[in-house]
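J.: First the structure, then my questions, so here it is.
Encoded structure:
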């Protein structure tokens, strides 16, 4: 009998409910059980998992590693997919291996290379991958000088934290004064330069921002799967142009992504993002973790999460070529079950009386009633995604 695989996702994005779905729908005969932890009791990943716990708050990176090692040993985790405190976790890979857990994450030096965007741009540029012009600014005067330099070149300036994830802190600079234009309609990432300068001057601590041109669409996110031998097994680009999404295997996107993934040893799943500067693609960002939209590759007949787990367990899937490229699509939000509200003294991995949503049904538990949605209800043919992030 083939043993089941036990996978743990720590504090991760809500979209990774689809990552979990794909692991369960793998083409092999191996059963997958999923453990999830999160700081938010209303994260849908907790309801989608076979077992779940709330994470303790306020742990230092070192203390979190101890917590994670204890989770792996107690839960019998075969593969751990760390997002929170990834850098600290991967620095202790040998200790996780000692308790029988493989880390689905790059080595420490690869993670460290992309924690600071300025250092990352410098390193990537040395590989010959085009990057946009950038300025690291820590004061109002430095910010104004960078904006002036970009505008002289005909660019719109934007800024984002030098260290950060997703679109958090991203803003586009405008010279227009604050007016009703900023208050009508939906919120906008545009902020008046004078207000930003005033805020920076009044800040108690220096900022640490990356100032660069506002890059144009299309945005192409290349999902990569790389082995510990630094060789790419999978690379597929997901294109974004407004609402329209699609897929590409064009080498203008894949070749620089391969160069980065293989050159930096971005083992297992990574996501490398490009946008346009004039008529050429330039690097926008590198994520040393699975992308929230990774599940969309299912529209190309590819189960990337399962291929990554195979690789982590030493079962090399070999080079993966998508059997087809899915048609253009869009993403829309869809409902997912949540765990029921629990009292502070109740453990989140224990079902509440009379509730089928407290934990997914097991082989020994009664089937949910027809009127109660299953925590692992089937997904529509086109995966949903509810996140939105500002392009950088």
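Numbering (UniProt numbering), first residue to last: 1 to 392. Idealized CB from N, CA, C, for every residue including glycine.
How is residue 338 classed by DSSP in three states: helix, strand or coil?
T.: Three-state result, residue 338: coil.
J.: For residue 38, does the three-state DSSP call read helix, strand or coil?
T.: Here residue 38 sits in strand by DSSP.
J.: Using the three-state DSSP reduction, which class does residue 351 fall into: helix, strand or coil?
T.: The predicted position of residue 351 is uncertain, since its pLDDT is 44 and thus under 50; a value taken from the coordinates is nonetheless stated next. If DSSP states are grouped into helix, strand and coil, residue 351 belongs with coil.
J.: According to DSSP, simplified to helix, strand and coil, what is residue 141?
T.: Here residue 141 sits in helix by DSSP.
J.: Would you mind sorting residue 70 into buried or exposed? The rule is 16 or more other CB atoms within 10 Å of its CB.
T.: Under this definition residue 70 is an exposed residue.
J.: Buried or exposed: residue 332, going by 16 or more other Cβ atoms within 10 Å of its Cβ?
T.: By the neighbour-count rule (16 or more Cβ atoms within 10 Å), residue 332 is not buried but exposed.
J.: Among the residues of its own chain, which have a CB less than 7 Å from the CB of residue 96, if the five just before and after it don't count?
T.: Answer for residue 96: 69, 72, 80, 103, listed in chain order.
J.: Name the residue from 123, 232, 133, 98 whose alpha carbon lies nearest to the alpha carbon of residue 321.
T.: Ranking the options by Cα distance to residue 321, first place goes to 232.
J.: With a cut-off of 7 Å, does the C-beta of residue 202 fall near any C-beta of chain C?
T.: Annotation note: the requested chain C is absent from the structure, which comprises a single protein chain.
J.: What do you get for residue 179, buried or exposed, if any count of 16 or more other CB atoms within 10 angstroms of its CB means buried?
T.: By the 10 Å Cβ count, residue 179 comes out exposed.
J.: Note down, in chain order, each residue of its chain lying with its Cβ closer than 6 Å to the Cβ of residue 64, except the 5 sequence neighbours on either side.
T.: Once the five neighbours on either side are set aside, the close Cβ partners of residue 64 are 85.
J.: Suppose only complete runs of 3+ residues qualify. What are the beta strand (DSSP E) ranges in the stretch 229-269, listed by chain order?
T.: Counting whole runs of 3 or more residues, the stretch 229-269 contains the beta strand (DSSP E) stretches 232-241, 244-248.
J.: Got a sec, what are the start and stop residues for the alpha helix (DSSP H) residue 61 sits in?
T.: First-last of the alpha helix (DSSP H) with residue 61: 61-75.
J.: Suppose you measure from the CA of residue 429 to the CA of residue 167; what does that come to, to the nearest Å?
T.: What the structure shows of the chain is the stretch from 1 to 392, and residue 429 is not part of that stretch, so it cannot be assessed.
J.: For the beta strand (DSSP E) that residue 168 lies in, which residues bound it at each end?
T.: It is not in any beta strand (DSSP E) - residue 168 carries neither H nor E in the DSSP assignment.
J.: DSSP puts residue 221 in a beta bridge; with which residues?
T.: In DSSP, residue 221 forms a bridge with 238, 273.
J.: Within its chain, find whatever has a CB closer than 8 Å to the CB of residue 242; leave out the 5 residues flanking it on each side and keep chain order.
T.: For residue 242, where only same-chain residues beyond five positions count, the Cβ hits under 8 Å are 217.
J.: Classify residue 159 as buried or exposed, calling it buried when 16 or more other Cβ atoms lie within 10 Å of its own Cβ.
T.: Counting Cβ neighbours within 10 Å, residue 159 comes out buried, since at least 16 surround it.
J.: According to the Cβ coordinates, are residue 126 and residue 135 closer than 7 Å?
T.: No; because the gap between Cβ atoms is not below 7 Å, this pair is not in contact.
J.: Residues in its own chain within less than 6 Å of residue 36 by CB, not counting five upstream and five downstream?
T.: Once the five neighbours on either side are set aside, the close Cβ partners of residue 36 are 9, 45, 46, 49, 52.
J.: Pairs of beta-carbons, one from the stretch 278-289 and one from the stretch 298-307, closer than 8 Å: are there three or more?
T.: As far as the Cβ criterion goes, the stretch 278-289 does not touch the stretch 298-307, which means the pair count is below three.
J.: Helix, strand or coil, according to DSSP, for residue 23 in the structure here?
T.: In this structure, residue 23 counts as helix in the three-state DSSP scheme.
J.: Tell me the DSSP secondary structure of residue 121 in three-state form.
T.: DSSP places residue 121 in helix when its eight states are reduced to three.
J.: Would you kindly work out how many angstroms separate the C-alpha atoms of residue 123 and residue 107, rounded to a whole number?
T.: Between residue 123 and residue 107, the C-alpha separation is close to 17 Å.
J.: Secondary structure at residue 134, three-state DSSP: helix, strand or coil?
T.: Coil, per DSSP.
J.: With a CB to CB cut of under 6 Å and the five nearest residues on each side skipped, what residues in its chain are close to residue 31?
T.: Hits under 6 Å: 4.
J.: Within this structure, are the beta carbons of residue 161 and residue 154 separated by less than 7 Å?
T.: No. Outside cutoff.
J.: Please return the same chain residues whose Cβ sits closer than 8 Å to the Cβ of residue 78, not counting the five positions on each side in sequence.
T.: So the qualifying residues of the chain are 5, 6, 7, 100, 101, 102, 313.
J.: Considering only DSSP beta bridges, list what residue 80 is partnered with.
T.: Partner(s): 8, 103.
J.: Would DSSP call residue 153 helix, strand or coil?
T.: Residue 153: coil per DSSP, three-state reduction.
J.: Residues in the same chain with beta-carbon distance under 8 Å from residue 16, minus the five sequence neighbours each way, listed in chain order, please.
T.: 9, 45, 290, 292.
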